[in-house]
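Participant: In terms of my numbering, the numbers along the sequence shown are unbroken and rise by one, the last being 765.
Glycine residues also receive a C-beta, built at the ideal position from the N, C-alpha and C atoms.
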Amino acid sequence: MGGAILIVEDELVTQRLIAASLERAGYQAIRAASVEQAEAAIREVLPDLMLLDWILPGTTGMSFLRHLRSERRTREIPVIMLTGRSDEIDKVAGLEAGADDYLTKPFSHRELLARIKAVVRRRAPLLGDEPVEFGDLKLDPAAHRITAASGKISLWATEFRLLHFLMTHPDRVYSRGQLLDEVWGDHVFVEDRTVDVHIRRLRQALQPSGHEKRIETVRGAGYCFRANPG
Ligand code: CA
């Protein structure tokens, strides 16, 4: 365990509770109450993971997240969004903005740690380091690099892992639940439609290369990566 976790939360009681929870579990908790404070903290040290509140003074966690994902230095930081009960409707938008997961407040110490572990595990290499390729689509896990004839393809960690899994298991149909097991590792708190969001994001990223056709939706069953798309 361990690692530095940045908490971006303007409700100071919640911020303190989370920090105490993380420190008890052996993490270093860095606290920020605004985007400005978070940016200052990130300039000093790149956190291993960020807990980001949905509503922040003068802005939203989501617009900050978009900014983080647009910058080379910060685009890989795993981010768990913290949302209130009433924000439920925007969860998909959060995932689309690049969140790895979300937690609805209030949450327990146990749930917080389980989510953090799941996100960290998801980003860890479990699928081997051997490069895999189909046509001009090449995925190199060791270099965390995907290329095609059209150029380099940039993916966030979850889509990278998803594509890696699919490319190493071609022409087999996987249900959303199976993909959650294989790619997310611990899907206890993740909804099935999360898979659809990430598949959509993956297809968008592959579109310029034409390889998005390989990812087939199998009605009523799930998804399949085609070695030879029709
Ligand atoms: Ca807030």
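1) Can you determine whether any heavy atom of ligand 1 sits closer than 8 Å to the C-beta of I612, and answer yes or no?
2) According to the neighbour-count rule (16 or more other Cβ atoms, all chains shown, within 10 Å of its Cβ), is Q742 buried or exposed?
3) Indicate, with yes or no, if ligand 1 has a heavy atom lying under 8 Å from the CB of I542.
4) Can you find the residues in the same chain that come closer than 8 Å, C-beta to C-beta, to P627, ignoring five residues on each side of it along the sequence?
5) Just curious, the alpha helix (DSSP H) that F695 is in, first and last residue?
6) Could you give the first and the last residue of the continuous beta strand (DSSP E) run that contains E751?
7) Could you please give me the residues that DSSP links to E760 through a beta bridge?
8) Is it the case that the CB of I590 approaches a heavy atom of ligand 1 more closely than 8 Å?
9) Compute the beta-carbon to beta-carbon distance between H699 and P666, rounded to the nearest angstrom, for a pair I have assumed lies under 8 Å.
10) Going by DSSP in three states, A575 sits in which element: helix, strand or coil?
11) Tell me which same chain residues have a C-beta within less than 6 Å of the C-beta of Q550, skipping the five on either side of it?
12) Can you tell me whether D636 sits near ligand 1, meaning its C-beta is under 8 Å from at least one heavy atom of the ligand?
13) Just the Cα atoms here: how many angstroms apart are A775 and S689?
14) Mapping DSSP to helix, strand and coil, what is V730?
15) Going by Cα to Cα distance, which pick from S710, S744, D716 and T594 is closest to A756?
16) Count the other CB atoms within 10 Å of the CB of G596; is the residue buried (16 or more) or exposed (fewer)?
17) Please classify L547: is it buried, with 16 or more other beta-carbons within 10 angstroms of its beta-carbon, or exposed?
18) In three-state DSSP terms, what is A567?
19) Cα separation between I734 and V708?
20) Between P613 and F599, what straight-line distance do the alpha-carbon atoms span, to the nearest angstrom?
21) My guess is that R657 and T639 are in contact by the Cβ rule of under 8 Å, so how many angstroms apart are they, rounded?
22) Please return the same chain residues whose Cβ sits closer than 7 Å to the Cβ of Y637, not counting the five positions on each side in sequence.
Facilitator: From the atom records:
1) no
2) exposed
3) no
4) Checking the sequence, you will find Val at residue 627 rather than Pro. R728 and V732.
5) A692 to T703
6) I750 to V753
7) Checking the sequence shown, residue 760 turns out to be Phe, not Glu. According to DSSP, F760 bridges with I750.
8) yes
9) H699 to P666, Cβ: 10 Å. No contact.
10) helix
11) I542, E544 and R566
12) no
13) Since the first and last residues shown for the chain are 536 and 765, residue 775 lies out of range.
14) helix
15) S710
16) buried
17) exposed
18) strand
19) 14 Å
20) 13 Å
21) Wrong, their Cβ atoms sit about 19 Å apart, outside the cutoff.
22) I615, M616, T618, K626 and G629
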